[in-house]
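These notes concern the structure reproduced below.
In this note's numbering, the protein residues as written are 35 to 770.
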C-alpha cells in the first residue's frame with residue numbers, strides 16, 4: 035500500500051509551502067549584498083519619510099544629491115550617501131526590481147565581493163562621468179546642457195545597471211545580444227528624449243559597462259560577421275526603438291538634447307502608428323523582403339521631411355507654425371537620425387531580407403532531390419537507425435555539401451541519378467514556420483558540421499526556424515555555434531553477434547517463444563508487398579483496429595504505417611497460427627552502412643510498425659521481436675534497433691526548463707499512444723541505449739518547435755480531435 039499522507043493533495047501543498055521559506059533563506063544567504071542594499075533603501079526611505087514624499091522636496095536634498103553643483107561646492111561625500119535615497123516614492127516600483135534583478139543576478143553569478151566592486155565602480159563612473167561631460171558643455175550656450183548641469187540626483191541605479199550589464203555578458207548567444215539591445219534601447223531613448231540628469235548618468239554607466247565587459251577576457255566572445263538572424267534582430271530592435279520614439283513624441287512632453295515637443299496626438303493617431311510599426315517590425319524580424327522595402331520607403335520619407343522642415347525653418351517660425359528652433363529639432367531631427375541609422379543598417383544587411391511573402395514561392399535556396407536520389411546517397415554514405423524514414427512521403431529533401439567530382443563529370447557527359455548538386459542530403463518537414471530535419475544528414479563521415487550550417491542558412495533565408503529531431507550525438511556535436519541540444523528519446527539497440535536468449539534477463543522472452551510453440555503460433559519474415567491479398571487484408575484490419583481505438587488518425591513523422599511497410603526494401607515479421615490467422619505484425623527498416631568498394635551494405639534493421647490483434651496471442655510482440663532478432667542474427671547483421679520512443683527521456687537525465695517543456699508535450703500525447711509504456715516494454719530485450727537529440731538555435735524557438743513537432747506527428751488530426759480524445763482518455767483513466 036502507498037502512504038496516504040504522502041499522496042494527499044493537502045500534504046503536498048503543505049510540503050511545498052514548507053519549502054518556500056527555506057528557498058528564500060537559501061537565496062538570501064547567497065545574495066547578502068543585494069539583500070543589504072534593498073534593506074538599506076527601505077530603512078532610509080522610512081526613516082527620512084521619502085517612502086511617501088519626494089526626496090527633492092526635502093530641505094536637506096542638496097546635502098545628499100550628486101551632480102556638478104555638489105562637486106563644485108566640495109560636497110564629495112554625496113557620492114557615498116546618494117545611492118541610499120530615491121528621487122520619488124513611485125521610483126521604488128522600478129528601482130527595486132532593477133536592484134533585485136540586476137545586482138542579485140550578478141551576485142548569484144560572481145559572488146558578493148565582485149558584485150560590490152561592480153556596483154561601486156558603476157555608480158562612480160556614471161555620476162562622475164556625466165558630471166565631467168556637463169562641465170565641458172555647460173557654458174556652450176546649449177540650453178539643455180545648462181539646465182541638466184544645474185540639477186542633482188540620488189539613487190543606486192547606475193551601480194545596479196552596471197551589475198546587470200555584466201550579468202548579461204554571461205548569457206549565451208543570442209540572448210546576450212537581445213538583452214543588451216533591450217537595455218540599450220531603454221537607456222538610449224531616455225537620454226536622447228527625456229534627457230534628465232539620471233538618464234545621462236545611466237547612458238555613461240551603460241557605455242562603460244558594455245565596453246569593459248566586452249574587453250575583459252572572462253567575458254570576451256569571438257567576433258565575426260553577424261548572422262542573418264542577428265541582422266534581423268538588430269533591424270527589428272531599431273524599428274521597435276523608432277516605434278517607441280513615435281509614441282513618446284505623440285503623448286509624452288519632453289525636452290531632451292535633440293529638442294523639445296508639445297504632444298498633440300489623439301488615441302487614434304497613436305494606435306495607427308503602433309499597429310503599422312508592429313506589422314513592419316514583425317516582417318523585419320522574419321526577414322520579409324516587402325518589410326525591408328517598406329522600411330526604406332518610410333526612412334526616405336522621414337529624411338525628406340526633416341530636410342524640408344529644416345529648409346523651411348525661417349518660414350515656419352515666421353508663420354508661427356512652430357514656436358522655436360528646439361521644437362523643430364525635436365519634431366524632425368531625432369526621428370530622422372534614427373531612421374537614417376536604420377536605413378544604413380538594413381542596406382548593409384540586405385541579404386538577410388529575402389523571404390517572399392507568398393508561402394508558395396518560399397522555397398529553400400538549395401537543390402531539391404528525389405526519393406531515389408536520397409536512397410542512392412544513403413546506400414553510398416550510410417545513415418543512422420532512422421535514416422530510412424527520410425524516404426517516406428511527407429518529407430522534403432535537399433542536397434547539401436560539395437558536389438562529388440565524379441558525379442559532376444558524369445553530369446556533363448550524360449544523365450545522372452544524382453546530378454551535380456551537393457553530394458549529401460537532408461530530409462525535413464515544414465510545419466508552423468519550422469523546418470524539422472529528421473535524424474542525421476546523409477553525408478560522408480565528417481560532413482555533418484557543413485551540412486548543418488548549410489541547413490541553418492537556407493532555412494533562415496526562407497524565413498523558417500531550423501531544428502533537428504532525433505539526431506545522433508555525432509550530429510549534436512556538429513551544430514552551428516550557439517545552438518542547443520536536449521535529449522528527446524533513447525534509441526534501444528540489440529547487438530546481434532552471439533545473440534542467445536539465455537539467463538535470467540531473457541526470461542520473459544523465452545517464455546513468449548516457448549508459449550508460441552505450444553499454442554502453434556509460428557514466425558515468418560516476409561516482404562509484405564509480395565504476400566497474398568488475404569495476408570495484407572489482415573494486416574490492414576489489425577492496423578485499422580488499433581487506430582480506431584485511439585480515436586485519432588495514425589501518427590506519422592517517425593512512426594510508419596502499413597503503406598511504409600509495403601516498401602520492397604522493408605522486411606515484415608508475421609505471427610501466424612496453424613489456421614492462417616494473423617496475430618501480430620512488425621516491420622523492419624534497413625540501416626545502411628558506408629558502401630565498401632562501391633557496394634551498398636545493410637548493417638542493421640530498425641523496428642517500426644508494431645501491431646497486434648485484439649484477443650490474439652498475448653505475448654505476440656515479445657515473440658515477434660525476439661524471432662526477428664534471431665532471424666537477422668543468423669544472416670550476419672550487426673544489430674537491430676527497437677527505435678526510440680518519441681519524447682521519452684532517460685530517467686536519470688537532468689530536467690532543465692527546456693526538458694520540462696518537452697516533457698509536457700510528450701505528456702499530452704502519452705495517454706493516447708503510450709510511448710513511456712512502450713519504452714519500458716523494450717527493456718525486456720536488454721538493449722544498450724544511445725541518446726537522440728532535439729537540436730535548436732535557442733529557447734526562444736521552442737514554442738513554435740513544440741507546435742511543429744505535434745503537427746508532424748499528427749498531421750491529419752484537428753484541434754477538436756486532440757482535445758476530445760485527450761479528455762476521453764483522462765476520464766477513462768480516472769474512472770479505472
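Each residue gets a CB set at the ideal place from its N, CA and C atoms; glycine is no exception. From a predicted model like this one, the values you see are computed outputs, not experimental measurements.
- Cβ atoms of residue 172 and residue 102 come within 8 Å of each other, at about 7 Å.
- DSSP places residue 468 within a strand segment (E or B) once states are collapsed to three.
- When only Cα atoms are considered, residue 597 and residue 387 end up about 41 Å apart.
- Per the DSSP secondary-structure output, residue 729 pairs in a beta bridge with 502, 519.
- Secondary structure note for residue 617: it is in no alpha helix (DSSP H), and the uninterrupted beta strand (DSSP E) holding it is 616-630.
- Around the beta carbon of residue 750, fewer than 16 other beta carbons lie within 10 angstroms, which makes this residue exposed.
- A distance below 7 Å between beta-carbons, with the five flanking residues on each side excluded, links residue 113 to the following residues of its chain, in chain order: 100, 158, 161.
- In the structure shown, residue 204 falls within a coil segment according to DSSP collapsed to helix, strand and coil.
- Secondary-structure assignment with DSSP links residue 526 through a beta bridge to 723.
- In this structure, DSSP gives residue 579 a helical state, which the three-state scheme calls helix.
- Residue environment: residue 306 is assigned as exposed (fewer than 16 neighbouring CB atoms within 10 Å of its CB, all protein chains considered).
- When DSSP states are grouped into helix, strand and coil, residue 561 belongs to the coil group.
- Restricting attention to 253, 371, 121, the CA atom closest to the CA of residue 86 is found in 121.
- Distances from the alpha-carbon of residue 657 to those of 641, 214, 546, 312 put 546 closest.
- Residue 434 and residue 247 have their C-alpha atoms some 39 Å from each other.
- In the displayed model, residue 655 falls within a helix according to three-state DSSP.
- DSSP, read as helix, strand or coil, puts residue 427 in coil.
- Put simply, the backbone Cα of residue 675 is about 10 Å away from that of residue 663.
- Within the model, the alpha-carbon separation for residue 174 versus residue 211 is close to 37 Å.
- Listed in chain order, the non-local C-beta contacts of residue 314 below 7 Å within the same chain comprise 273, 325, 328, 329, local neighbours out to five positions each way being set aside.
- Between the alpha carbons of residue 374 and residue 287 lies a gap of roughly 24 Å.
- Only residues of its own chain outside the window of five on either side were considered, and among them 663, 666, 667, 671, 672, 673, 674 have a CB closer than 7 Å to the CB of residue 530, listed in chain order.
- In the displayed model, residue 421 falls within a helix according to three-state DSSP.
- Just measuring C-alpha positions, the residue of 424, 712, 745, 568 sitting nearest residue 626 is 424.
- DSSP places residue 399 in the coil class of the three-state scheme, outside both helix and strand.
- Below 8 Å, enough C-beta pairs join the segment 738-746 and the segment 463-474 to call them touching: three or more.
- Residue burial annotation: residue 275 is buried, with at least 16 other C-beta atoms found within 10 angstroms of its C-beta.
- Cβ-Cβ separation between residue 560 and residue 606: approximately 5 Å, consistent with a contact (criterion under 8 Å).
- Taking C-beta atoms under 8 Å as the contact rule, residue 643 and residue 594 qualify, at a distance of about 5 Å.
- Under a 10 Å Cβ-count criterion, residue 245 is classified as exposed, with fewer than 16 other Cβ atoms of the shown protein chains found around its own Cβ.
- If you check the CB distance, residue 640 and residue 422 come in under 8 Å.
- By the C-beta criterion, the segment 218-234 is judged to be in contact with the segment 175-187, since at least 3 inter-stretch pairs fall below 8 Å.
- Between residue 279 and residue 372, the gap from beta carbon to beta carbon is short of 8 Å.
- Under the DSSP assignment, residue 409 falls in the alpha helix (DSSP H) whose first and last residues are 405-415.
- Around the beta carbon of residue 335, a 10 Å sphere encloses fewer than 16 other beta carbons of the protein chains shown; the residue is thus reported as exposed.
- Between the alpha carbons of residue 310 and residue 69 lies a distance of about 44 Å.
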